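Here is the structure we will look at, set down as structure tokens.
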Amino acid sequence: MIIVMGLLLTAASQDKTTTIFIIGDSTAANKDISGGKQERGWGMVLQSYFDDNIVVDNHAVNGRSSKSFIDEGRWAQVLEKMKPGDYVVIQFGHNDEKPKADRHTDPGSTFDYNLARFVRETREHGGIPILMNCVVRRNWAASTPSEKSGESIGASIDDEALRNMTTTETPLHSEVSSLVDTHGLYRVVPRDVAQRMNCHFVDANLITHDLEQSLGVEGSKKLHMWFLPGEEPSEPKGKQDNTHYCVYGAHVVARLLADAICQEVPVLKKYRTDADITVDRQGRGQYLDLSSAVQEAFTRSKSETVIQILGGEWEKPQLSKKSRIRFVLREGARWKE
27 MIIVMGLLLT AASQDKTTTI FIIGDSTAAN KDISGGKQER GWGMVLQSYF DDNIVVDNHA
87 VNGRSSKSFI DEGRWAQVLE KMKPGDYVVI QFGHNDEKPK ADRHTDPGST FDYNLARFVR
147 ETREHGGIPI LMNCVVRRNW AASTPSEKSG ESIGASIDDE ALRNMTTTET PLHSEVSSLV
207 DTHGLYRVVP RDVAQRMNCH FVDANLITHD LEQSLGVEGS KKLHMWFLPG EEPSEPKGKQ
267 DNTHYCVYGA HVVARLLADA ICQEVPVLKK YRTDADITVD RQGRGQYLDL SSAVQEAFTR
327 SKSETVIQIL GGEWEKPQLS KKSRIRFVLR EGARWKE
């Protein structure tokens, strides 16, 4: 009887948290952090911007479209985990543009249908859908494909292959001063489906366009996996990937999208948090180790630097009484005794 009551209390406690599921592609996905790898998806780091009342469960996967995500059974897995009151952020487009039959969908037809299915089935399981269009590519191209080809710029870009593109290779294109769209109707459809189905919508394409445009041709490189040879130890040959985010870029984008989600769904605002630095051994923060976070905090001129720690057991740094660093322990994080 005691064991049964304990299990019931545990279940009740777990039910107090709300889950934000993310379904999408490599721009949001969790990444391999071994060997100091720097690539991150914005969904991977989103937990840094919500407190422990919210659990971010990121199911976005590299290379997936709305079609392949369903066909591979990944959507069914999300539905099995979903409970009433949970949210589902739905973001596809990058790979729906691709011509391969296992991924391709058409705006005005199969792409719309898949997004509508995600919305409908989320609601059938008591969840709350949030449609989000695709983030922009860092595309400052001086020219676009010919109208004769009928091919969008997005369809001609193999996002996954960009991981093998080094800065010693031929540049992807000459660059101009205005960001050029690569998504066409794939960025419009999610908004239209949201309007038809009275669904929450976040314009991630506009948000990231304005961000990249404000940073300019050179500044926007800092958001992405763009490194000169020898600049980043994990990418000794350099990298010029205009699609995927580095640690810094993922956090900048996640912070903006967290704000947009809370604006669209005001009930989530009370769970929004924003520490100066996040430490997490799973790669969801800016740092994997606490000592590096403390070193950065010492370089800041702020009156107080807040370092939040996600889970695990940690050696507490010995700081002077005049230190302007405050620690916030989350997800059961604790100091070693």
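Residue numbers (my numbering): 27 to 363. Even glycine gets a Cβ: it sits at the ideal position worked out from N, Cα and C. These figures come from a predicted structure and were not determined experimentally.
{"Query": "Taking DSSP's pairing of strands, which residues face residue 340 in a bridge?", "Result": "361"}
{"Query": "With DSSP run on the structure shown, which of helix, strand or coil describes residue 89?", "Result": "coil"}
{"Query": "Thinking residue 160 and residue 86 are a contact (beta carbons under 8 Å), I'd like their distance in whole angstroms, please.", "Result": "Their Cβ separation, rounded to whole angstroms, is 12 Å, which puts residue 160 and residue 86 out of contact at 8 Å."}
{"Query": "Within 10 Å of its beta-carbon, does residue 316 have 16 or more other beta-carbons around it, so buried, or fewer, so exposed?", "Result": "buried"}
{"Query": "Give me whichever residues DSSP pairs with residue 265 in a beta bridge.", "Result": "253"}
{"Query": "Below 8 Å CB to CB, which residues in the same chain sit around residue 352 once its five sequence neighbours on both sides are set aside?", "Result": "330, 331, 332 and 333"}
{"Query": "Quick check on the DSSP output: the alpha helix (DSSP H) that includes residue 321 runs from which residue to which?", "Result": "316–325"}
{"Query": "When you compare only the Cα positions, how much space is there between residue 322 and residue 304?", "Result": "11 Å"}
{"Query": "Could you have a look at residue 98 and say whether DSSP puts it in helix, strand or coil?", "Result": "coil"}
{"Query": "Assign residue 224 to one of two classes, buried (16 or more other C-beta atoms within 10 Å of its C-beta) or exposed (fewer than that).", "Result": "exposed"}
{"Query": "By how many angstroms is the C-alpha of residue 186 removed from the C-alpha of residue 66?", "Result": "14 Å"}
{"Query": "If you reduce the DSSP assignment to three classes, tell me which class residue 138 lands in.", "Result": "helix"}
{"Query": "Hey, could you find the ends of the beta strand (DSSP E) residue 155 is sitting in?", "Result": "154–158"}
{"Query": "Helix, strand or coil for residue 167, going by three-state DSSP, please let me know.", "Result": "strand"}
{"Query": "Kindly indicate the opening and closing residues of the alpha helix (DSSP H) around residue 235.", "Result": "230–245"}
{"Query": "If you draw a straight line from the alpha carbon of residue 114 to that of residue 99, how long is it in whole angstroms?", "Result": "16 Å"}
{"Query": "Just reading off the alpha helix (DSSP H) that residue 355 is part of, what are its end residues?", "Result": "No alpha helix (DSSP H) contains residue 355, which is instead part of the beta strand (DSSP E) from 351–356."}
{"Query": "Using only the alpha-carbon positions, how far apart do residue 341 and residue 357 sit?", "Result": "16 Å"}
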